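One structure below.
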Amino acid sequence: MEIKSVVLQTKSLMQMKNFYIGTLGFSLINEDKNSFRMAVGTGEMEFTTKEVKGDPYYHFAFNIPANKFNEAKSWAKERVSLLVEDGVDEANFTHLPAHALYFYDPSGNIVEFISRYEIAEASMKPFSVKSILNISEIGLIVEDTISVSEKLKEIGVYERDNHTISKKSLNFMGERRNGVFIILAQPGRRWIFSDKTSAIFPLEITLINNNKIIINPENEFQIF
């Protein structure tokens with residue numbers, strides 16, 4: 001499984017565009033009065049104000065080269081304030097293995113850069129957003145993870161280690177070998193490096209095979 005594109009809602013479109021295109025330097029693909037779309041490695045991410053209600057926020061992650069975590073961290077600290085958990089501003093996932101950093105964007109999304117040492121390729125170029133490989137993770141928050149996981153299986157998306165789907169924990173749906181996951185969870189679980197808990201907001205995920213996974217404006221789950 002690979003993620004081709006993600007569409008997320010925001011009520012702060014201009015601030016988001018200034019942040020991602022201006023401050024961080026992502027490449028703008030297109031825009032209109034209600035949205036803008038940017039390149040994220042081999043994928044694309046769009047932010048839209050269409051049908052936005054309340055103050056939506058999401059968790060998503062970008063894969064970066066295996067040898068660039070420290071350089072990416074220095075680069076990020078020049079542009080954003082890194083989030084801290086237990087007094088440290090990076091996560092060491094020894095079981096993957098990987099290192100990650102986190103920060104908020106203007107919409108309050110929890111953004112992650114993750115370097116997966118056994119999966120991601122190396123790079124000899126100085127780090128920039130052009131170094132980002134792809135969209136690594138996107139949170140998919142639903143009322144019933146078990147029933148949704150069965151629907152995801154129908155389009156070939158399984159839990160990464162074939163574990164039983166949990167209603168209380170994060171379920172990483174995807175293939176461990178390529179480091180791309182839909183994080184399936186129910187509302188109310190705290191996102192690490194954040195004081196925010198998982199909540200249901202509209203989104204659209206398009207996979208590389210063009211299957212679409214959607215939370216519609218009524219917060220209902222759909223697959224096409």
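Position 107, counted from 1, in the sequence shown is what our numbering calls 107; the numbers after and before it change by one each time, with no gaps.
Heads up, the beta-carbon is just placed ideally off N, CA and C, and yes, glycines get one too.
Small disclaimer: the values here were computed from a predicted structure and weren't measured.
Note down the Cα distance separating residue i from residue j, rounded to an integer number of angstroms.
i: F193; j: N92; result: 12 Å
i: I146; j: V7; result: 24 Å
i: E44; j: V84; result: 28 Å
i: A120; j: F26; result: 20 Å
i: A72; j: E218; result: 38 Å
i: V157; j: I183; result: 11 Å
i: T49; j: E204; result: 13 Å
i: L28; j: F19; result: 12 Å
i: N162; j: K153; result: 11 Å
i: V148; j: D195; result: 26 Å
i: R160; j: E78; result: 34 Å
From which residue to which residue does the alpha helix (DSSP H) around residue i run?
i: T145; result: T145 to K153
i: K17; result: L13 to K17
Between the Cα of residue i and the Cα atoms of the options, which residue gives the shortest distance?
i: S12; options: F47, M173 and I3; result: F47
i: F201; options: F224, G22 and E143; result: E143
i: G174; options: Q186, G139, P187 and R190; result: G139
i: N109; options: F60, E71, H99 and L96; result: F60
i: F172; options: E154, L207, S136 and G188; result: S136
i: F113; options: S107, D105 and H99; result: H99
i: F127; options: L82, A66 and F221; result: A66
i: W75; options: V40, D55, F36 and L24; result: L24
i: A199; options: D55, S131 and N34; result: D55
Taking the beta strand (DSSP E) that residue i falls in, what are its first and last residues?
i: K4; result: I3 to Q9
i: Q222; result: F221 to I223
i: E218; result: Taken as a continuous stretch (DSSP letters only), E218 belongs to no beta strand (DSSP E), as it is neither H nor E.
i: F127; result: Looking at the DSSP string, F127 is not in any beta strand (DSSP E), and its letter there is neither H nor E.
i: G43; result: G43 to T48
i: L133; result: L133 -> no beta strand (DSSP E), and no H or E assigned at all.
i: E204; result: L203 to L207
Per the DSSP calculation, residue i is bridged to which residue(s)?
i: F26; result: For F26, which the question treats as bridged, DSSP gives no partner whatsoever.
i: F113; result: F62 and L101
i: D32; result: S35
i: N92; result: H99
i: A185; result: I141
i: M173; result: E159 and I182
Uninterrupted alpha helix (DSSP H) stretches inside the stretch 54 to 89 (no shorter than 4 residues): 69 to 77
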